[in-house]
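Numbering (our numbering), first residue to last: 250 to 1203.
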């Protein structure tokens, strides 16, 4: 496994000549300050050859490869990249090779020879190097070939100069540099230099060969050659440049030739496309332009320096000066600079005006009749007629005791044909009768500027928004003065006013209502410019571009410009738009940014730190997968927004601030990890990584099919068994229900037994014979009601406890009328019982009560008492206790055995069978207990205890 020395570092931007530069040394990531070479591979990574190893840089991290990772020598001085993604390296060693997929590969030189490669040649993905001849990689070994100049025949021999010869035939071309090395190509025809060149001039030079092209440079110029077409071009430098200050690099886009303080970019038609003139170029031994246009410069003692493309393409003015205000007047840009004259842009140059003030600049305006005004606190000057301090009055006397000096102020505005001026502590205005005389209107503090809105003159300041009416200052409605919003800028449009706040973002005032734009929260907005449906905002966080939405609160930032885009500082004091140019004023100078620059539309280059776009893992390793990704960018890393989703597991995008995503316990399946990156210009790139989690043998489809078939057969077998069990249970249930129905009928019969009916009819007859008509009617009424209850409740499986108690009361009242004073009863109900909501099995208590009366109290000599209690117990259960003070169950059984004439009640047996069936139904858990009180104490009587719980309560 390749080990990487990963160095996290902070980029240190240094501003020189108004330019942003990134310097890399051992202090922030490089293993050495001795940098020999720089190249960029096909993916966009920057590779750096140093005296302490080869470094790969992605814009965020350095990865250093040393002898520990497989390099034959840390002191590596030459690099080259081929289209297949390999980065070839060269050092003084008996092995040479390349780096690919973060792994170092090295191959031996034939005969174990130590080489010092001079120059490289690339043919497609094939790589060659020179050292007294040509070395090519064959069968994982470097082999040597050489052309002997002395044996070259005159046929097809081209003499380039007195040290360079070309021999070509139908299949190949030999380029021989006398006493130096030979190089092999596959085409022919090389023209000679137009001017004689001394052999001594070729003792040191640079040459690069890329497919059909050759670029060779020397002190006085360069020679471009296309072997395929025979085209060539010779370029002569204006002045001779030492070869140590020159460098050549040929890549898929063309030729790059560093010569002194210039870097020339040629295409493959040998046309010069661009010249980069940079003061420090001459001090560096290597320099290249990467795919994004960034300039990289390598030093043998000072490390690496990078100049961003936006810095190279952006024009800067007034470097290291505080530029405060911008204004376009009559299609001309005017610039206000701290403690400097007012300037204007004339084509590409800045020119001075005669207007000059000291201190901070608060505005640049053109107002009749005063002309062009440069506004400052100390004094404000104009190119026509300035306002004098002596012209300002208060109560008929001069307000300022400074004669013949110009008045300084913060803002000036024409409103209702009057001129209003805002100073640091008051508001003054002239009159129509005497326009040259100004009078004090009101004192003020903390106000910044004027603004117009709906025929009203507004004042923006640190204490909120105010308006002027009848020479008095009033608070604008609907503001929270417990926390006033400080305002810095404004822009009026039709019936709404855009307000820039200090730290509270953008507000929109419309119909006396303030709408905050959520996407601008936290911004301090120094300037607002509207162009089409966009608002351009100068803020402390760069320049923000807001797209207006018909529902104004939904307006959103759609573009942003930061230091990586050419700004000299993130805090922007003011902005101006002119055609496709953005001017941004900062405390470090003025930037002129071309908005049509293609850099602002380039999509981010996203990559995964995997060997390919497909990742295959066995299931156990998928329990914890970490996938790292990044974006190749060397100036803009902090302005990216990342999102990801794992299909088909996740459909919604998830925002992440970490560039490593971890997934836990992924099931065997095929997944697609999509990662999205968006920059500040809303350019978006989505890259997909296919993840295949391969199953274990027991997770394969074949095993699953076998298991499913087995389970299917087991299910069929179990289904058959369950079917038989269910059928059997249905038969048992059916028989139990029939039995229960029979027992219910027997219970009804037992409750309506002939003995009870006979006794009831005798009681009615007795009352009639005694001429007690009322009692007989009352008895008959209750008897009929009881009969109705018997029939009604017998049809129900369950009745409420209240209904059961009502039935018992009715029955006991009938028996009490028959027994008169001999029988008394009481029914106690626990207050915790909701008798209207609790259900119990129907008609199970009356037979017990009847037995207590007929077999207990009836045989007692004196009066008897029956007590029934209902009590709530744990788990929501119900306990019913029926107790009489009769002769007791033991004596009653003895009486029954001695007197065979007694009626034998079967209600007890029916009740026991019915209770047993209820328990078998699984709906009720019933416990039944009967005791003779003589077994518990000296008392006589019988106690029956019944405990009921529904199965879901138990």
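The C-beta atom is built at its ideal place from N, Cα and C for all residues, glycine as well. Every value quoted in this text rests on a predicted model; they were computed, and no experiment measured them.
Measuring alpha carbon to alpha carbon, tell me which of the options ends up nearest residue i.
i            : options                : result
residue 587  : 465, 687, 481 and 822  : 822
residue 471  : 460, 477 and 455       : 455
residue 562  : 680, 946 and 815       : 815
residue 568  : 535, 897, 886 and 837  : 837
residue 1115 : 1193, 1178 and 1145    : 1193
residue 672  : 689, 706 and 803       : 689
residue 493  : 475, 469, 500 and 502  : 469
residue 732  : 748, 718, 745 and 711  : 711
residue 1187 : 1166, 796 and 1137     : 1137
residue 626  : 913, 620, 930 and 611  : 611
residue 376  : 332, 1042, 307 and 873 : 332
residue 571  : 282, 735, 544 and 818  : 818
residue 895  : 582, 923 and 878       : 923
Based on DSSP bridge pairs, tell me the residues matched to residue i.
i            : result
residue 776  : 787
residue 825  : 832
residue 1049 : 1088
residue 482  : 473
residue 867  : 943
residue 980  : According to DSSP, which records beta bridges pairwise, residue 980 is partnered with nothing at all.
residue 857  : 878
residue 355  : 346
residue 696  : 710
residue 292  : DSSP output for residue 292 lists no bridge partner at all.
residue 933  : 927
Answer with buried or exposed for residue i, where buried requires no fewer than 16 other C-beta atoms within 10 angstroms of its C-beta.
i            : result
residue 737  : buried
residue 1080 : exposed
residue 1134 : buried
residue 370  : buried
residue 618  : exposed
residue 603  : exposed
residue 962  : exposed
residue 303  : buried
residue 966  : exposed
residue 1019 : exposed
residue 526  : exposed
residue 520  : exposed
residue 607  : exposed
residue 1014 : exposed
residue 952  : exposed
residue 775  : buried
residue 502  : exposed
In whole angstroms, give me the CA-to-CA distance for residue i and residue j.
i            : j            : result
residue 601  : residue 629  : 17 Å
residue 1162 : residue 1104 : 20 Å
residue 812  : residue 713  : 32 Å
residue 937  : residue 615  : 56 Å
residue 678  : residue 573  : 26 Å
residue 934  : residue 880  : 10 Å
residue 1094 : residue 1053 : 8 Å
residue 668  : residue 687  : 9 Å
residue 640  : residue 826  : 37 Å
residue 766  : residue 803  : 7 Å
residue 853  : residue 847  : 13 Å
residue 632  : residue 593  : 14 Å
residue 553  : residue 945  : 50 Å
residue 309  : residue 760  : 49 Å
residue 1076 : residue 1065 : 14 Å
residue 1120 : residue 1129 : 7 Å
residue 1074 : residue 1172 : 32 Å
residue 358  : residue 305  : 25 Å
residue 598  : residue 580  : 15 Å
residue 717  : residue 706  : 6 Å
residue 940  : residue 351  : 20 Å
| query | Can you give, in chain order, each stretch of the beta strand (DSSP E) that sits fully within the region 582-618 and has at least 3 residues? | reply | 590-595, 598-605 and 610-616
| query | Which full runs of the beta strand (DSSP E) of 3+ residues lie inside the region 876-901, going along the chain? | reply | Counting only runs of 3 or more residues that sit fully inside the region 876-901, the beta strand (DSSP E) segments are 890-896, in chain order.
| field | Any beta strand (DSSP E) of 3 or more consecutive residues that is wholly inside the region 703-782 | value | Annotation note: the region 703-782 contains the following uninterrupted beta strand (DSSP E) runs of length 3 or greater, listed N- to C-terminal: 705-710, 713-718, 721-724, 736-742, 745-750, 755-759, 762-765 and 774-780.
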